[in-house]
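Below is one structure, written out as structure tokens; the observations come after it.
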Amino acid sequence: MVGDGFGGRLWYKPINYTVGSYSAYSACSDSNQLYSWGTNYHSQLANVNAGFGSKSPLLVSDMRDVIFCSAGYVCGAIKKDLSGWIWGKWFGNKPIKVMEHVTFLNAGASVLVLIKEDGTVWSLGDNAYGSFGNGEYSSSIAFTPIKMKNISNAVRVSNCLYSTAILTEEGDVYNSGYIGWDLENQDLLPIKIEALRDIVDIESTKGSHIALYKDGTVFTWKTPSSDAPIVPERVNNLNNIVAISGCNDGDHFLAIDEKGDCFGWGSNSLGQLGGNIMTGITISTPQLVDSNVIDILAGEDFSYIVKDDNNLYITGKNEISVAMNLPYIGRTVFTQMNPYNFDVNLCSPVTRTHQIFKDTICSGDTFWLEDIAYTSSTIFTNTFSTFSGFDSIVVHMLHVKPRSYFDTSATLCDGDTFYFNNRTYTSFGTFLDTLTNSFECDSVINLTLNFLDKSYFEATMVLCEGDIYLIGDSTITTDGIFYDTLTNHLGCDSITSLKIYFKAITKAEQSFKICPGDTILFNNVLYVNSGIYHDTLQDMTGCDSIISTTIFLDTGCDDATVFIPNTFTPNGSNLNDVFRPVGLNISHIHMQIFNRWGEKLYDKMGSDIAWDGNYLEAPCQQGVYLYLIRITSNSNKDTLLKGTVHLLR
125 MVGDGFGGRL WYKPINYTVG SYSAYSACSD SNQLYSWGTN YHSQLANVNA GFGSKSPLLV
185 SDMRDVIFCS AGYVCGAIKK DLSGWIWGKW FGNKPIKVME HVTFLNAGAS VLVLIKEDGT
245 VWSLGDNAYG SFGNGEYSSS IAFTPIKMKN ISNAVRVSNC LYSTAILTEE GDVYNSGYIG
305 WDLENQDLLP IKIEALRDIV DIESTKGSHI ALYKDGTVFT WKTPSSDAPI VPERVNNLNN
365 IVAISGCNDG DHFLAIDEKG DCFGWGSNSL GQLGGNIMTG ITISTPQLVD SNVIDILAGE
425 DFSYIVKDDN NLYITGKNEI SVAMNLPYIG RTVFTQMNPY NFDVNLCSPV TRTHQIFKDT
485 ICSGDTFWLE DIAYTSSTIF TNTFSTFSGF DSIVVHMLHV KPRSYFDTSA TLCDGDTFYF
545 NNRTYTSFGT FLDTLTNSFE CDSVINLTLN FLDKSYFEAT MVLCEGDIYL IGDSTITTDG
605 IFYDTLTNHL GCDSITSLKI YFKAITKAEQ SFKICPGDTI LFNNVLYVNS GIYHDTLQDM
665 TGCDSIISTT IFLDTGCDDA TVFIPNTFTP NGSNLNDVFR PVGLNISHIH MQIFNRWGEK
725 LYDKMGSDIA WDGNYLEAPC QQGVYLYLIR ITSNSNKDTL LKGTVHLLR
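When we follow the numbering used here, the leftmost residue of the sequence shown carries the number 125, and every step to the right adds one.
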């Protein structure tokens, strides 16, 4: 467990202590119980009896099995089951579980940033400067984790007051948050810092970030004074560095090189750099401040180091005794502390690392570790001890991935071959095969194959004389039976037997006799003169049919000559007793009589007809009656006559 990162380079291993802005923490005993001391202005000690602070280590509530802790005014911890917890500023003095599967976290004055085992980044607290990287900033406090966008491979995070730096497993670095002197100049989404590659650790102070390169050099970048791109600069006078440290609410950094020399730079307002450097000034170039150092913990106005004698040392401001039982004075050199003379029997600094291994098995398989069998997804922890105490905590995240089972089928044509998983199939049936799915586990496939027969059918086609039909590259112009191979709706061969008949052109004749002035309409053509006319039609099969039409003009056609009387007297005198049309060239007469109310009184047809003035064998009254007479002449020409007749008695 360490508050400033999981580690660095070469021989460096973190110890079981960490510091916050004005507080400090250690995980001790077999239960990995977390203890706290220092100031408690923001409930960061997580103990109801802490008051404004304590120089004696206090039990942090509900914080057993702690493998990692990071603190500022907001504090966070990871337990052996990889659950993530938060307490302090805004969140109270009782730790709250906020997330599962947490592999890293970094706390500061106003933010807690967590990394889940899937590499995603989540934040709680104050997002006023857009450090959450979710595309927006907010003046409201986030009490539930908010996911950073576009990051899925993070391994470290470090936050200053204004932005969050993200280190990916590829060694790339991203920055999200404040990049200028007003709220308009912000990266609300993580932006890659292109100049940084192969980084192994990142740390932050109030307004600066640093990155440890794989060769032991250190680079830094600050909040720019404008919206200019972030340009990291190498920190002078630092080589072969194995570990770095900074505090979110502080203004100074510490670093150790491979020989154990400790360097400090930044603000030395209260002696927090050590090395007996003049207080009240800022050191821009790292200075050697101590030797034989194995770990470094930079607070806000103070610093801890651990030397190779496994003793804890402090320099800087003694805020409500982060120096425990040492005299309440400020210091400019690292002074040995004695964390063991308390009722809680706080443990001495010991190297304590934790490693997280992600193991995967397939459903039905067994994962063995130290003679224990695991068959389901779980998180379990093993602690390995040395003569000096607990040395390494190993967390295994076992994820059981599913095997997959599914059915599939294919339909082929008779004679086809189906290839699947380097195998050849030529017949129908159900087959089992095993592949590897996307989880790299067995994927059992139930394969059903169906083979369809070729189809055969006959067809008859009638074509017209003179037509041409193509079968493939062949031209057909005569009757016969022909064969062709097509593809049916199932995609298989369809062998067709086609009988073709060519229908001859048909011919027909017709004739008409018309009177002078008459016309004949045939096939939308109006004929008025005698003669022989030829017309081409299509019969019901669509073939040509030639019709010859002969028109004869009948010169003997005459209209009927008709006389219609306008009065008759049906009085039995045998003179003008009936009403009849008379005339010449009359072949047929159809006569109807109506009274003035439209009632039909008479309706007869014939060549010689007459109305006797009676209706239903009773004489009609004297008056005017209407007639409608159709006269057909001997030449079969109709004439329609209508008018009135007077009946007198």
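Here a beta-carbon is modelled for each residue, glycine too, at the ideal position from N, C-alpha and C.
Hey, how far is the Cα of residue i from the Cα of residue j?
i	j	result
Asn442	Tyr298	35 angstroms
Gly440	His523	47 angstroms
Asp306	Gly216	Any answer about Asp306 is weak, because its pLDDT of 46 lies below 50 and its placement is not dependable; what the coordinates show is given next. Rounded to the nearest angstrom, the two C-alpha atoms are 31 angstroms apart.
Phe776	Ile365	Here the chain has residues from 125 to 773 only, and residue 776 is not among them.
Asn695	Leu740	17 angstroms
Thr630	Ser669	5 angstroms
Phe511	Met448	Bear in mind that a pLDDT of 49 at Phe511, under 50, signals an unreliable position, so the number given afterwards is only what the model happens to contain. Distance between the alpha carbons of Phe511 and Met448: 27 angstroms.
His613	Lys623	22 angstroms
Trp214	Gly249	8 angstroms
Gly212	Asn230	14 angstroms
Thr459	Ile438	5 angstroms
Phe514	Thr475	The pLDDT assigned to Phe514 is 46, lower than 50, so where the model puts this residue is not dependable; a value taken from the coordinates is nonetheless given after this. Using only the alpha carbons, I get a separation of about 8 angstroms.
Pro356	Tyr253	21 angstroms
Glu241	His520	11 angstroms
Glu260	Leu312	6 angstroms
Thr484	Leu320	32 angstroms
Gly304	Glu494	For Gly304, the predicted structure reports a pLDDT of 48, less than 50, and the residue's modelled location is therefore unreliable. A value from the coordinates is still provided. C-alpha separation (whole angstroms): 54 angstroms.
Ile265	Ser247	11 angstroms
Leu117	Asp642	Absent from the structure is residue 117, since the part of the chain shown begins at 125 and ends at 773.
Thr499	Lys482	15 angstroms
Asn781	Asn462	The chain is shown from 125 up to 773; residue 781 falls before or after that span and cannot be answered.
Phe692	Trp721	20 angstroms
Lys338	Ser153	34 angstroms
Check the DSSP bridge columns for residue i and list the partner residues they point to.
i	result
Ala68	In this structure the chain extends from 125 to 773, so residue 68 is not present and cannot be described.
Thr502	Leu522
Ser669	Thr630, Leu661
Tyr751	Ile717, Gly767
Glu494	Glu494 is not bridged to any residue.
Val143	Ala148
Gly398	For Gly398, which the question treats as bridged, DSSP gives no partner whatsoever.
Lys431	Val417
Cys565	Per DSSP, none; premise fails for Cys565.
Tyr337	Ile323
Ala195	Cys199
Gly208	Ile202, Met223
Trp735	Phe703
Measure from the alpha carbon of residue i to the alpha carbon of each residue in the options, then state which is nearest.
i	options	result
Phe530	Ile503, Phe563, Ser567	Ser567
Thr685	Phe555, Glu564, Thr763	Thr763
Lys728	Leu752, Val706, Ile670, Gly539	Leu752
Ile420	Ser369, Gly212, Cys667, Gly553	Ser369
Gly615	Val649, Leu536, Ile624, Thr601	Leu536
Leu183	Ala148, Ser207, Asp205, Lys204	Ala148
Gly340	Ala367, Thr665, Lys525, Cys667	Ala367
Val652	Gly707, Thr268, Asp678, Leu772	Asp678
Ile191	Ser207, Phe176, Ser178	Ser207
Gly666	Leu587, Asn164, Thr560	Leu587
Compare the beta carbon distance of residue i and residue j with 9 angstroms and say whether it is the shorter of the two.
i	j	result
Thr288	Phe256	yes
Arg444	Tyr146	Per the sequence shown, the amino acid found at residue 444 is Ile instead of Arg. Their beta carbons are under 9 angstroms apart, which means Ile444 touches Tyr146 by this criterion.
Gly390	Ser332	yes
Ile671	His658	yes
Asp189	Ser155	yes
Ser185	Val172	yes
Val413	Phe377	no
Asp381	Asn363	yes
Asn416	Pro473	no
Val359	Ile334	yes
Thr660	Phe636	no
Cys284	Asn372	yes
Glu318	Ser282	no
Lys271	Asp296	no
Val279	Thr227	yes
Ser774	Arg527	Limits of the chain in this structure are 125 at one end and 773 at the other, which puts residue 774 out of reach.
Ser759	Asp683	yes
Thr329	Ile401	no
Lys273	Pro314	yes
At a Cβ threshold of 9 angstroms, is residue i touching chain B?
i	result
Ser551	This model lacks chain B altogether; it includes just one protein chain.
Verify the contact flag: residue i, CB atom, against every heavy atom of the ligand MN, threshold strictly below 8 angstroms.
i	result
Tyr337	With respect to the ligand MN, the structure offers nothing, as it holds no ligand at all.
Is there contact here, the region 196-215 with the region 164-173, by at least three beta-carbon pairs under 8 angstroms?
yes
Decide if the region 753-772 is in contact with the region 688-706; the criterion is three or more beta carbon pairs, one per stretch, under 8 angstroms apart.
yes
Below 8 angstroms, how does it come out for the region 231-243 and the region 198-210: are there three or more Cβ pairs, yes or no?
yes
Would you call the region 577-594 and the region 631-650 in contact, with 3 or more CB pairs under 8 angstroms?
no
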